[in-house]
Amino acid sequence: RGELARSALERRGRIVLVDSLDQAADLVNNIAPEHLCLMVSDPWTWTDKIRHAGGLFLGEFSPEVMGDYIAGPSHVMPTGGTARYSSALSVHQFLRRMPVVGLSPSDFQRLGPSAVQIANAEGLAGHASAIQVRLDYIESGAAAK
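What follows is the structure, encoded as structure tokens:
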């Protein structure tokens, strides 16, 4: 196993020295590792500062291998920095979510002008018109009937 570890470190390993644990947390959030083992005296104090890691393992008795096999998280973790926007595999990936939008005329009147601006900025005149027609309808008083 020693040669395997040496080869892996030579090909992909890095040692990075930082001035503080805060700087280390910033670096970790930028790298977004698949696994992060916090081997510090009080790892729980750092959990709020780590936003981007596939799995977070706290202290010497929470090694990554326990997460893989028995401690609960999925063994399928986001790799290659994708922990910035993705999570470990869970039942949530097999659930279908559907947004539901139901605006009242007053909500539409309040939000519509901003939506028109966004649609126009994107060059989507049809979207802007679909909103503006409804705004005009509300303002005419016909929507209240």
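According to the working numbering, the sequence shown is numbered sequentially starting from 2. A virtual CB, placed ideally from N, CA and C, is assigned to each residue, including glycine.
Contact check for H76 against G68 passes: the beta carbons are separated by less than 9 Å.
E61 is the residue among V29, E61, R111, E35 whose C-alpha sits nearest the C-alpha of S42. Around the beta carbon of F95, fewer than 16 other beta carbons sit within 10 angstroms, so the residue counts as exposed. Taking 9 Å as the cut-off, the Cβ atoms of N30 and K50 count as close. Taking 9 Å as the cut-off, the beta carbon of L22 is found closer than this to the beta carbon of W47. Beta-bridge annotation (DSSP): H36 is paired with G56.
The three-state secondary structure of T80, taken from DSSP, is coil. Taking C-beta atoms under 8 Å as the contact rule, I139 and Q110 qualify, at a distance of about 5 Å.
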